[in-house]
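*Asks:* Provided herewith is a single structure, encoded as structure tokens, for subsequent inquiry.
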Amino acid sequence: MSNTPHQLAEEFPEHVGKIRHLREVDGHFHRITDEYGAVNRAIHRAETDIEPTDDFRMADMRKERMRLKDEIFGMLTRFEAADELP
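Quick note on numbering: the numbering used here labels position 25 of the sequence shown as 10, and the sequence is numbered without any gaps.
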């Protein structure tokens, strides 16, 4: 299989360790990163015509990926801010 773009490690290379840690200790974070991966793979399959879809479905999937990515980033930065507290 070809490289699927928009993997979390590529989107947030400076947070790879935090992503691994939060996936281990936070069930909600684990679930939303799994959802992000599933949506991202579905988008990639549609973009490469492995599983074509209509434009409306593609737009919905891209919005969902962005929503999940925003939530993931928010959790990563809150985790980072908590690390900096005395």
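Every residue gets a Cβ at the ideal spot worked out from N, C-alpha and C, and that includes glycine.
Bear in mind that the values here come from a model prediction, so they are computed numbers and not experimental data.
Need the endpoints of the alpha helix (DSSP H) that PHE14 sits in, please.
*Replies:* Residue 14 sits at position 29 when you count from the first residue of the sequence shown. Per DSSP, PHE14 belongs to the alpha helix (DSSP H) from 12 to 32.
*Asks:* Is GLN(-8) helix, strand or coil by DSSP?
*Replies:* Counting from one through the sequence shown, the residue named residue -8 turns up at place 7. Looking at GLN(-8) - three-state DSSP - the assignment turns out to be coil, as it is neither helix nor strand.
*Asks:* Could you compute how far the alpha carbon of GLU32 sits from the alpha carbon of THR(-11)?
*Replies:* Counting from one through the sequence shown, the residue named residue 32 turns up at place 47. Counting from one through the sequence shown, the residue named residue -11 turns up at place 4. Those two C-alpha atoms are separated by around 10 Å.
*Asks:* By alpha-carbon positions, which one of ARG63, VAL1 and ASN25 ends up nearest to ARG52?
*Replies:* Taking the sequence shown and counting its residues from 1, one reaches residue 52 at position 67. It is ASN25 whose Cα lies nearest to the Cα of ARG52.
*Asks:* Between GLU56 and ARG50, what straight-line distance do the alpha-carbon atoms span, to the nearest angstrom?
*Replies:* For this step, residue 56 is matched to residue 71 along the sequence shown. For this step, residue 50 is matched to residue 65 along the sequence shown. Straight-line Cα distance between these residues: approximately 10 Å.
*Asks:* Can you tell me whether THR18 is buried or exposed? The criterion is at least 16 other CB atoms within 10 Å of its CB, across all chains shown.
*Replies:* Along the sequence shown, one-based indexing puts residue 18 at 33. Under this definition THR18 is a buried residue.
*Asks:* Using the Cβ count rule (16 or more neighbours within 10 Å means buried), how would you classify MET(-14)?
*Replies:* Taking the sequence shown and counting its residues from 1, the one referred to as residue -14 is at position 1. Low per-residue confidence applies at MET(-14): pLDDT is 39, beneath 50, and the placement is therefore not dependable enough to give any value.
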